[in-house]
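Sequential numbering of the sequence shown, starting at 1, is according to the UniProt record's numbering.
Contents: one structure, followed by commentary.
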Amino acid sequence: MRKSRPILFSAEGNMKNLRIVLLVFAILIQLCLFKTFQQANAQVYEQWVTKYNGLGIGVDYAQSLAIDRNGNAYVTGHSYVNGINSDYATIKYDSAGVEQWFARYNGPANYLCDIAKSLAVDADGNVYVTGYSEGSGTDADYATIKYAPTGIEQWVARYNGPGNGPDQAYSLAVDLDGNVYVTGASIGSSTGWDYTTIKYDSAGIEQWVATYNGPGNGSDQANSLAVDPSGNVFITGRSDGSGASNDLATIKYGIDGSELWVARYSSPVLGCDVPSSLYIDVDGNVYVTAASGGIETGLDYVTIKYDPRGFELWVVRYNGPENGDDCSTSLDVDSDGSVYVTGFSEGSGTDWDYATIKYDPNGIEQWEARYNGLGNSLDLAYSLAVDGDGSVYVTGLSEGNGTYYDYATVKYDNNGFELWVARFNGPGNFDDGAQSLAVSAEGNVYVTGYSDGSGTNYDYATIKYTQIYNPYFAIDLIPFSVPIQIPASGGSFEYYLFAANNIGDPSAADMWIDAILPSGSGHDLLLGPVSVNLNPGTTSWHRTQTVPGTAPSGQYQYIAHIGFYPYLTWDCDFLEFVKLDTGGVSLLDDFNNVNECFDILSAEETPALPEIYEVLGAYPNPFNPATALSYKLPNACIVNLLVYDVSGRLVTELVNGWRDAGTHEVTFDGSNLVSGIYIYNLTAGDYKASGKMVLMK
1 MRKSRPILFS AEGNMKNLRI VLLVFAILIQ LCLFKTFQQA NAQVYEQWVT
51 KYNGLGIGVD YAQSLAIDRN GNAYVTGHSY VNGINSDYAT IKYDSAGVEQ
101 WFARYNGPAN YLCDIAKSLA VDADGNVYVT GYSEGSGTDA DYATIKYAPT
151 GIEQWVARYN GPGNGPDQAY SLAVDLDGNV YVTGASIGSS TGWDYTTIKY
201 DSAGIEQWVA TYNGPGNGSD QANSLAVDPS GNVFITGRSD GSGASNDLAT
251 IKYGIDGSEL WVARYSSPVL GCDVPSSLYI DVDGNVYVTA ASGGIETGLD
301 YVTIKYDPRG FELWVVRYNG PENGDDCSTS LDVDSDGSVY VTGFSEGSGT
351 DWDYATIKYD PNGIEQWEAR YNGLGNSLDL AYSLAVDGDG SVYVTGLSEG
401 NGTYYDYATV KYDNNGFELW VARFNGPGNF DDGAQSLAVS AEGNVYVTGY
451 SDGSGTNYDY ATIKYTQIYN PYFAIDLIPF SVPIQIPASG GSFEYYLFAA
501 NNIGDPSAAD MWIDAILPSG SGHDLLLGPV SVNLNPGTTS WHRTQTVPGT
551 APSGQYQYIA HIGFYPYLTW DCDFLEFVKL DTGGVSLLDD FNNVNECFDI
601 LSAEETPALP EIYEVLGAYP NPFNPATALS YKLPNACIVN LLVYDVSGRL
651 VTELVNGWRD AGTHEVTFDG SNLVSGIYIY NLTAGDYKAS GKMVLMK
């Protein structure tokens, strides 16, 4: 977790004395390394990636994911048979990513479209799936399935509405007694699309059906459902209102299916309110979020809290920095009642960005965090989860740099500070889009969606990320003076950058600095990435950052990272500065980071280790599927070169024996390994060195 530090120095006092104090401080850091390292960030590792390519070379599109208390992962979606017709396709993986069972469902129409939309797992490991499936002469029907923990189909419940037209289920929930609830939209006999919510008992027997036809007698489509511990059912969706409005309509049903209340919300302008997510807290309060038309602001996020009786407690709207379209897609609430919303929002020159917001229990915005991906283009967040510590996880699709769309999963701490970003580019080097995310009690992060394969079209791609505490590296920013205030015409500030290495041997690392602008959007890198050789202990650099007059006024976060760019952040720290809207005489024209030089490594070499030995590291790195490890020996000696995975398991022994003096190279082949981080460990006589390699398939 990011370190939170008090301000250590004031603007008063002699600068010379201040620099002496800073140098003394650097020495003290070395004496207190262990304490510092205890505060270091968790790093995220891709523990496994598993893909599913269905029958033939068709589209396989994962839509929904759930995990159980044992770390098993369950995924459902639809899988095309011949490019035209699709089936439900549901898979269970164990905590190591090994497939346990697989089930396909082909409806009675045989080889027409069967589309799974939602999945849940109960405490006993039973799995429930719903969606819509072509019937025999009934168009699409709700189709809800229960599977045993072994993957054996227990029952299928189908629903054909009174209009004998398309009926499409979108959301599912299971209560503690194994009752199953589904909702969606169904064609009525003369009412168009209606909300249609169904309760089944644990044996799949229909208990009740509740429909809702809005005041516009037009299109009413529910898309999210939740059940409270008493068996009350809550639904939200979009519903035609009177006139031209399309409203957000939220309903509470009793345990017998009786309608208890309906709460409708209309946007400030007649237009479209498109809900995306609903949550019920332990007190029975209801939270919904939607994309909602604003007055000259395009679509905005709208988030609403209702009390258990359906009375509106608060409404908050969010209009992004470009005054364009902002569409919320997912919502979660923590144990303190704080509300977290994500989606995508038009940025300033960045196209759509992830935009994640935290509100306190009273609906007051606490922070906004924006993510603009490597391609400075389309970034669409679709799923959000909050863990027990209040950390926030968001995933979706993000345009890469030459990789089209990638999965991009972002973790923020409870203050909205970005802790890490994990990106995934599939083997087809084309479109990859994450759709669903879950976080275990242990902090493991699971993501699923679709990924372009190598000659296999879109496949399911499910990833497990492990967050591992890293006691080895730390980075600190110490400003020369505070507060830092930059005149309107531009200026600069000075700081010390400290990087600590506690491995005991010299080690390579990347460092880079970026910033969050006053608007909440990110800025391109202000420094680096620079690859440096860190000797054991703490290394410091005196740096100066210029800020141009063209930079917008307001408060900035200036963020330093250490890790393996752009894949891993081992630690990060930040300082804040304010760009004033008045003052100054000279107009600087760009951001520049200058002063004391780094020992920058070229792309072809890694740092010189102890003078009489040298490890040249792995090249290429990242790699797929093989990389070359090179090292130099000034004297003949016994060499042992081992490769481990991030859990410490020995993967392979590359060298074990006598080697002559000179330069040596050995190949590490990862063809049969999963994507992730691998550690090489070289011992040559008394000399030891280690490094990291990234396998990206």
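Don't be surprised by glycine CBs; every beta carbon is placed ideally from N, CA and C.
8 angstroms contact criterion, which residue i and residue j should meet: CB distance rounded
{"i": "Tyr170", "j": "Asn223", "result": "5 angstroms"}
{"i": "Ala488", "j": "Gly549", "result": "6 angstroms"}
{"i": "Tyr450", "j": "Gly433", "result": "6 angstroms"}
{"i": "Tyr382", "j": "Gly396", "result": "4 angstroms"}
{"i": "Trp512", "j": "Pro536", "result": "In fact, because the Cβ distance is near 22 angstroms, the residues do not count as touching under 8 angstroms."}
{"i": "Ser391", "j": "Asp413", "result": "6 angstroms"}
{"i": "Val129", "j": "Ala116", "result": "5 angstroms"}
Cβ neighbours of residue i in the same chain (closer than 8 angstroms, five flanking residues each side left out)
{"i": "Tyr619", "result": "Glu604, Thr627, Ala628, Ser630"}
{"i": "Pro518", "result": "Pro552, Ser553, Gly554, Gln555, Tyr556, Lys579"}
{"i": "Ala203", "result": "Trp155"}
{"i": "Val333", "result": "Tyr279, Asp281, Tyr287, Val339, Tyr340, Val386"}
{"i": "Tyr458", "result": "Val59, Asp60, Tyr61, Asp431, Tyr450, Ser451, Asp452"}
{"i": "Pro361", "result": "Asp336, Gly337, Ser338, Val339"}
Sequence-distant residues of its chain with Cβ nearer than 6 angstroms to residue i (five each side left out)
{"i": "Thr448", "result": "Ala62, Leu65, Val75, Ser436, Thr462"}
{"i": "Ser292", "result": "Ser267, Asp273, Asp300, Val302"}
{"i": "Pro479", "result": "Tyr495, Leu575"}
{"i": "Ser671", "result": "Pro625"}
{"i": "Leu525", "result": "Trp512, Asp514"}
Nearest-angstrom Cα separation, counted from residue j out to residue i
{"i": "Tyr181", "j": "Pro229", "result": "13 angstroms"}
{"i": "Phe591", "j": "Val316", "result": "35 angstroms"}
{"i": "Val44", "j": "Ala441", "result": "16 angstroms"}
{"i": "Phe564", "j": "Gly161", "result": "55 angstroms"}
{"i": "Thr466", "j": "Val269", "result": "45 angstroms"}
{"i": "Phe668", "j": "Leu641", "result": "11 angstroms"}
{"i": "Gly192", "j": "Thr289", "result": "25 angstroms"}
{"i": "Gly443", "j": "Gly388", "result": "9 angstroms"}
{"i": "Ser690", "j": "Val674", "result": "21 angstroms"}
{"i": "Asn70", "j": "Ser95", "result": "7 angstroms"}
{"i": "Lys688", "j": "Thr663", "result": "16 angstroms"}
{"i": "Arg659", "j": "Val615", "result": "14 angstroms"}
{"i": "Asn415", "j": "Tyr359", "result": "11 angstroms"}
{"i": "Gln100", "j": "Gly58", "result": "23 angstroms"}
{"i": "Ile679", "j": "Asp114", "result": "44 angstroms"}
{"i": "Gly490", "j": "Thr582", "result": "10 angstroms"}
{"i": "Ile516", "j": "Leu374", "result": "15 angstroms"}
{"i": "Leu378", "j": "Tyr393", "result": "19 angstroms"}
{"i": "Val233", "j": "Asn126", "result": "21 angstroms"}
{"i": "Asp175", "j": "Val410", "result": "31 angstroms"}
{"i": "Leu534", "j": "Pro506", "result": "6 angstroms"}
{"i": "Trp570", "j": "Glu418", "result": "12 angstroms"}
{"i": "Leu695", "j": "Tyr472", "result": "22 angstroms"}
{"i": "Asp514", "j": "Ala500", "result": "20 angstroms"}
{"i": "Gly617", "j": "Gly648", "result": "19 angstroms"}
Reduced DSSP secondary structure (H/G/I, E/B, other) of residue i
{"i": "residue 712", "result": "Since the first residue shown for the chain is 1 and the last is 697, residue 712 is missing from the structure and cannot be characterised."}
{"i": "Thr403", "result": "coil"}
{"i": "Arg69", "result": "coil"}
{"i": "Met511", "result": "strand"}
{"i": "Ile115", "result": "strand"}
{"i": "Tyr412", "result": "strand"}
{"i": "Glu312", "result": "strand"}
{"i": "Tyr61", "result": "strand"}
{"i": "Phe564", "result": "strand"}
{"i": "Asn595", "result": "strand"}
{"i": "Phe344", "result": "strand"}
{"i": "Ala157", "result": "strand"}
{"i": "Met696", "result": "coil"}
{"i": "Tyr680", "result": "strand"}
{"i": "Tyr458", "result": "strand"}
Close-in-space but distant-in-sequence residues of the same chain around residue i (CB under 7 angstroms, 5 per side omitted)
{"i": "Glu153", "result": "Ala103, Ile145, Tyr147"}
{"i": "Thr544", "result": "Ser492, Glu494, Val594, Asn595"}
{"i": "Val655", "result": "Val639, Asn640, Leu641, Val666"}
{"i": "Glu322", "result": "Glu346, Gly347, Ser348"}
{"i": "Asn106", "result": "Asp87, Asp114"}
{"i": "Gly97", "result": "Trp48, Thr50, Lys464"}
{"i": "Ala26", "result": "With a pLDDT of only 37 at Ala26, under the threshold of 50, the placement of this residue in the model should not be trusted; the figure read from the coordinates follows. Excluding positions up to five away in sequence, the list reads Phe498, Thr538, Ser540."}
Per the contact definition of three or more C-beta pairs closer than 8 angstroms, is the region 253-260 in contact with the region 285-298?
Note that the region 285-298 does not touch the region 253-260; fewer than 3 beta-carbon pairs, one per stretch, sit closer than 8 angstroms.
Taking contact to mean 3 or more Cβ pairs, one atom from each stretch, closer than 8 angstroms, check whether the region 296-316 and the region 369-377 are in contact.
No, the region 296-316 does not touch the region 369-377.
Tell me whether the region 316-330 and the region 343-355 touch, counting them as touching only if at least three CB pairs, one residue from each stretch, are closer than 8 angstroms.
With the cut-off at 8 angstroms, the region 316-330 and the region 343-355 touch.
How about the region 124-137 and the region 241-254: do they share at least three Cβ pairs that are nearer than 8 angstroms?
The answer is no - the region 241-254 does not touch the region 124-137, with fewer than three Cβ pairs under 8 angstroms.
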